[in-house]
Structure formats: structure tokens, C-alpha cells
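Chains as they are written, first to last, in my numbering: chain A, 694 to 980; chain B, 694 to 980.
Protein chains: 2
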Amino acid sequence: MKVGIIGLGLIGGSMAVDLKRKGFADEVLGVEAEPVNAAAAEKIGLVDRVVTYEECVSQSDVVILAVPVGAAVRMLPDVLDKFHEEAKSGKCDRMVMDVCSTKERLAHSVRYHPMRRQYVATHPMAGTEYSGPWAAMPGLFDGHACIICDSEESSPKSVRTAEALYDALNMRTIYMNASSHDVHTAYVSHISHVTSFALALTVLDKEKDEKHIFDLASGGFSSTVRLAKSSPDMWTPILTQNRDNVLHVMDTYIEKMNAFRQAIADSDEDAIRSLIEDANKIRRIIR
Amino acid sequence: MKVGIIGLGLIGGSMAVDLKRKGFADEVLGVEAEPVNAAAAEKIGLVDRVVTYEECVSQSDVVILAVPVGAAVRMLPDVLDKFHEEAKSGKCDRMVMDVCSTKERLAHSVRYHPMRRQYVATHPMAGTEYSGPWAAMPGLFDGHACIICDSEESSPKSVRTAEALYDALNMRTIYMNASSHDVHTAYVSHISHVTSFALALTVLDKEKDEKHIFDLASGGFSSTVRLAKSSPDMWTPILTQNRDNVLHVMDTYIEKMNAFRQAIADSDEDAIRSLIEDANKIRRIIR
């Protein structure tokens, strides 16, 4: 199988490494718009060949869009258009999948496309706060969950290929529609990033003596603020595209912060304790 | 040296293990008010002997208060009173130190105490989100920072003993006054806990289908929400005692959240990107 990956960052690059290593791909083609990143990907040997976007789309059995979701929304209809052109002059049973963190706008962008069934919407839930080809690593996906959205809109063959691909990456697959996906990820991923960004801004804004932050920052602070290192290229379009869900969760979050603020301002130990005890229930869910 | 530790939880228990293991203490006495925890500490063998509070204070060369800061504020003057009684009928050069996360009220509670110089205010900046004697572990403090506050208020001999103790635990010592300590820890520790508690409450409140949280929670969410498992016994008095500093930091934090909220509500990609880029500067500080 020939796999073409568009975008050789953390996710695309890590997929490239493991799909080749696990034998799912005989050959991995890579596309990377940023010249420095393309050179790095070639130097590191993430892919077999760095090719143009057109070469990748015309030659790959599976095209993977591993670009920020703003770019993916523009690219996905174009890839399906190219498949459509090809289908007019013969059979085209190649497929495209994305790996983006928001799904509704992507789904919307190709809802009535004649080649919609050659597209599978997927979201491998793995990553780190680092980005770029140098952040790619073997085993990144190992043991994590991958969401496949709206699978009934894709051809059974395309879905089976996507499932086999994620099986090769040792991921568990979960199925839901694009709309549920975006609500759920707002809760378990997008809000975490926003709270980390806000925490970093708070500490950077107020703490002029950086030496002290560095000295005092314990493991707790580092783990809470870790996601604040995440890439603006990736996160700006996620927060824009999942705007309504993210705003809804942020409003709840700000309410909870205000409840805490009030309890502390009142020096109300019973109220503070009760809020912490309720928060502790997360133990049932996160080991 | 005979070390008496009052409170055999995560911090007290871990100190007990390593002070004995590293040879700083010839004998470790332990006091634990909670019968279940006391039994566990004996069973695990954290200390050589579980004794009463009075026995511990009268027999130990170094008394360590490893209880929540609300209890420590009541206990510290009492320990110094007992030292004072003893000094009246002879010499008392034994010392007491606390390991609490807020310092101003503790400092205030013994400011004019005749035995003030036998007390050293310390804060080993290490921990996990778990509590109780079963959370104690060797090496917990290894390589972390320990703050010693208002060291000029303590006798040089007491300070040297505290320094030697933290040296045995392989901690770096940093010196500052109690007031600066409380400001800095509000920024690098207390606010992180509040944001984690609020995140846990948000997700628990809204996400009724817990199965989905569990399935979708990636490493990013787990790391951001990890501190929400922290003990209410420990954190209720910290947030109360450091009220003004914590409220100040929370207000800045809520401002930053509102700035993010506005940028997302406006779908203002430039503003979102700019906030994320500013937040990314935390990379300079946290590796």
C-alpha cells in the first residue's frame, strides 16, 4: 500500500514512521509546504520521498491530511475533486482521510460531494505539546483512542482501510458523529488547552522575576501549563472552528472559577472543601 | 539525630523514609491523629515508632510539622510553648520546622514567641496529587527546590540543621521572606490547583456520559486535570490562608480567560493566534 501524508508535523510525521515500520505502508510519500520542515523531514528520513501535493494525491492509495484544520477544510474538497476527475476517466477507489481535532466543518465541506464515500473522518487522540517534523516519534499513537466520525457516510472499504491503518498504529477505534465528536473534544481537549494558555499568560504577565518561576515551578505547575506550549498554527483554527462548543464549555468553566473565587473571598472553608471534594470525583474517570 | 514527624501523609511519610534511609535520622518518631493512617504507617514501616504528640515533642531533636497548614498554625505555638517550659528548667536547643505551602500566618502566629529562633519555616516544593501514608515514597524530594523563609528569624544552628536535613533529601534550598513566598506560590502552585479543580468540575458537570470522557481523555487532559485529585484537607486551608494572593492571581486568570473568550466569540483569528503566541513564551521557563 502506498500512503501519502500531507503535512509532516508531529502527527503526520509520527504516522509516517510507524506505518512504514509496522508494514502497513510499502512506501510513504510526504508533502510539506514549509521548506525548512520539508528539508528536516527528508533529513530525518520520515518518509520515503517528499513529493508535490499533486503527485501525492494522484499516486497514493491512502491520502492522509495531517495539516491544521483550517487548511484541511480547503484541501479536502480539492482532493475529492481530483478523485472525481480521475473517476470520470476510469475507476478511482483510492481514499482520503483527515486527522483533525474538529470535524463538523470538514464534514460540511464535502457533505454533497460525489466522492464523499472515498473520505473517512478520523481523529487519532494522541499528541504532545511539540510540533514540526522533529517532534515526530515512533509509538506516539500506541494504546490511545481514535475516533472515526460519520462512518456510514464513507464506503465500507474506505472505513475498513482506515480501521486497518489505526490497528497498525495500535489504536482503539471509537465511532460517533461529527457533531458529538466536536462537543466531546471541546470538553476533554480544547478547554484544557485554553486553560493552560490562560495560566501561562497569567504567570508570565505578573511574575516579572522569571528566575523565581523557574526555581519554584514544581511538577504540578509544569503539568498544568504544559499544553500552553502548543502550536498556534494548530490551535487557532481548532478554536475558531469549534467556536460554539468551546464557548459553551468556557462559560461553564468561568462559572466554576467564579464559584471558587466567591468561596475563597468569603473565606468559606465549607464551600471550598465541598468544591474540592466534588472535583476529586475526577478520580473515578482519570486514573 | 532523633527526628519526630507530626503527620504521616505524603510529605511527612516520604520524609520519614528518606531521612532514615540517608542516615540523617538515627530514629524517626511519628505522630498521626487519624487511626487508620497511623495503623497504615506502622504496617508499612514508615517510622520506627508511632508515638503521642507529647512524646514526639519532648523526645525529638527535630520536630517536623507535616500537617495541613490550618492545623500547623494551631500546633506551632504549642510546640514552642513546650520548648519554652523545658528551657525554664534547663537548656532546650531542640527545633521545630513546618513544611507547609503558605507561610505568612504561620510566621505571624509565633512572631513574638520567646522560642521563635528554634523554629525554621520551610517548604519543600515536591509532591504528587495523592495523599496519606500509602502515597509516601522514597525519592519524592530528589532534585526539587526547598524554600526556607525568614531564616534571619531563626537561630543559625536551627537553620544549619534544616539545611542539612534538606541536603540529605537532595533538595536545592532557596531563601525568601514569608510574604514573597506566599505571592510566588500563589502563582506557581495555588492557581494551578484551582484551575484543575475548576476543569474537573466543568467536565464532570456537563459530560453525563462518563464512558466518553474516559475514552477520549488524552494525555493532555489528564495532565491538566491531574491536580484536581488533590486532598481537600490540604488545600482548603492553603486557599483560605493565602486568600488575598490567590484572589489576585485568580482575577488576572479570569481576565485572561475572558480575553480568550472574546477573541473566540469574535472568531478573531489574529487575536487568538496572538494570545497563543504570548502563552507559548512559557517555553522559556518550563522545559
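Note that the Cβ used here is the ideal one computed from N, Cα and C, for glycine as well.
On a predicted model such as this, the values are computed, not experimentally measured, just so you know.
For chain A, find out if any of its Cβ atoms is closer than 8 Å to the Cβ of residue i; answer yes or no.
| i | result |
| --- | --- |
| B/Gly-832 | no |
| B/Thr-917 | yes |
| B/Asp-875 | no |
| B/Arg-976 | yes |
| B/Thr-815 | no |
Would a check of beta-carbon distances place residue i closer than 8 Å to chain B?
| i | result |
| --- | --- |
| A/Leu-940 | yes |
| A/Pro-728 | no |
| A/His-837 | yes |
| A/Ser-960 | yes |
| A/Thr-795 | no |
| A/Tyr-868 | no |
| A/Pro-925 | yes |
| A/Tyr-946 | yes |
| A/Thr-878 | yes |
So the candidates are the options; which of them puts its Cα closest to the Cα of residue i?
| i | options | result |
| --- | --- | --- |
| A/Ala-819 | B/Ala-861, B/Gly-912 and B/Val-881 | B/Gly-912 |
| B/Gln-811 | B/Cys-793, B/Leu-769, B/Cys-839 and B/Gly-836 | B/Leu-769 |
| A/Glu-725 | A/Arg-714, A/Leu-712, A/Glu-747 and A/Lys-713 | A/Glu-747 |
| A/Asp-791 | A/Ala-780, A/Asp-843 and A/Tyr-823 | A/Asp-843 |
| B/Leu-858 | B/Leu-701, B/Ala-828, B/Ala-709 and B/Gly-702 | B/Ala-709 |
| B/His-877 | A/Ala-871, A/Ala-910, A/Thr-866 and A/Val-876 | A/Ala-910 |
| B/Ile-704 | B/Ala-732, B/Lys-775 and B/Leu-833 | B/Leu-833 |
| A/Asp-741 | A/Gly-763, A/Leu-968 and A/Leu-701 | A/Leu-701 |
| B/Asn-938 | B/Ile-969, B/Ile-965, B/Ser-873 and B/Asn-951 | B/Ser-873 |
| B/Val-772 | B/Ile-699, B/Leu-712 and B/Leu-920 | B/Ile-699 |
| A/Asn-951 | B/Ala-838, B/Ile-969, B/Ile-975 and B/Ala-891 | B/Ala-891 |
| B/Asp-754 | B/Gly-697, B/Arg-804, B/Val-803 and B/Ala-764 | B/Gly-697 |
| A/Lys-899 | B/Ala-893, B/Glu-948, B/Asp-898 and B/Thr-888 | B/Glu-948 |
| B/Pro-807 | B/Leu-722, B/Pro-826, B/Glu-856 and B/Ser-847 | B/Ser-847 |
| A/Gly-716 | A/Val-743, A/Asp-860 and A/Ser-824 | A/Asp-860 |
| A/Tyr-805 | A/Asp-774, A/Glu-962 and A/Arg-977 | A/Asp-774 |
For residue i, does the count of other Cβ atoms within 10 angstroms reach 16, so buried, or fall short, so exposed?
| i | result |
| --- | --- |
| B/Gly-738 | exposed |
| A/Lys-784 | exposed |
| B/Lys-648 | Residue 648 of chain B lies beyond the range of chain B shown here (694 to 980); nothing can be said about it. |
| A/Thr-745 | exposed |
| B/Asn-863 | exposed |
| B/Ser-782 | exposed |
| B/Arg-767 | exposed |
| B/Pro-925 | buried |
| A/Tyr-946 | buried |
| A/Ala-732 | exposed |
| B/Val-896 | buried |
| A/Tyr-868 | exposed |
| A/Arg-989 | The requested residue 989 of chain A does not occur in the structure, where chain A is confined to residues 694 to 980. |
| B/Arg-919 | buried |
| A/Asp-719 | exposed |
| B/Val-729 | exposed |
Using a C-beta to C-beta distance shorter than 9 Å, which residues of chain A count as neighbours of residue i?
| i | result |
| --- | --- |
| B/Ile-979 | Ala-893, Ile-906, Phe-907, Ala-910, Phe-914, Ser-915, Val-918, Arg-919, Ala-921 and Lys-922 |
Using a Cβ cut-off of 8 Å, pull out every chain A residue sitting near residue i, in sequence order please.
| i | result |
| --- | --- |
| B/Ser-844 | Going along chain A, no residue has its Cβ under 8 Å from B/Ser-844, so there is no contact; the nearest lies around 16 Å. |
What does residue i touch in chain B if you count any residue whose Cβ is under 7 Å from its own?
| i | result |
| --- | --- |
| A/Ala-972 | Phe-890, Ala-893, Leu-894 and Ala-921 |
| A/Trp-827 | What A/Trp-827 touches in chain B: nothing, since even the nearest Cβ is about 14 Å away. |
| A/Ala-819 | Ser-911 |
| A/Ser-882 | Ser-911, Gly-913 and Phe-914 |
| A/Asp-898 | Thr-945 |
| A/Ile-969 | Phe-890, Pro-925, Trp-928 and Thr-929 |
| A/Arg-936 | Ile-957 and Ser-960 |
Name the chain B residues that come within less than 9 Å of residue i, Cβ to Cβ?
| i | result |
| --- | --- |
| A/Val-887 | Met-950, Phe-953, Arg-954 and Ile-957 |
| A/Arg-966 | Pro-925, Asp-926, Trp-928 and Thr-929 |
Against residue i, what residues of chain A qualify as contacts under a CB-to-CB distance less than 7 Å, listed in chain order?
| i | result |
| --- | --- |
| B/Leu-932 | Ile-957 and Ile-965 |
Between residue i and chain D, is the shortest Cβ-Cβ distance under 8 Å, so that the two count as touching?
| i | result |
| --- | --- |
| A/Asp-835 | The structure shown contains no chain D; the protein chains it does contain are A and B. |
Is there contact between the segment 750-759 of chain B and the segment 790-802 of chain B, where contact requires at least three CB pairs shorter than 8 Å? yes
Okay, do the segment 922-931 of chain A and the segment 956-969 of chain A touch, 3+ Cβ pairs below 8 Å being the bar? Between the segment 922-931 of chain A and the segment 956-969 of chain A, the count of Cβ pairs shorter than 8 Å is below three; the stretches do not touch.
The segment 879-887 of chain A contacting the segment 933-952 of chain A, beta-carbon criterion three pairs below 8 Å: yes
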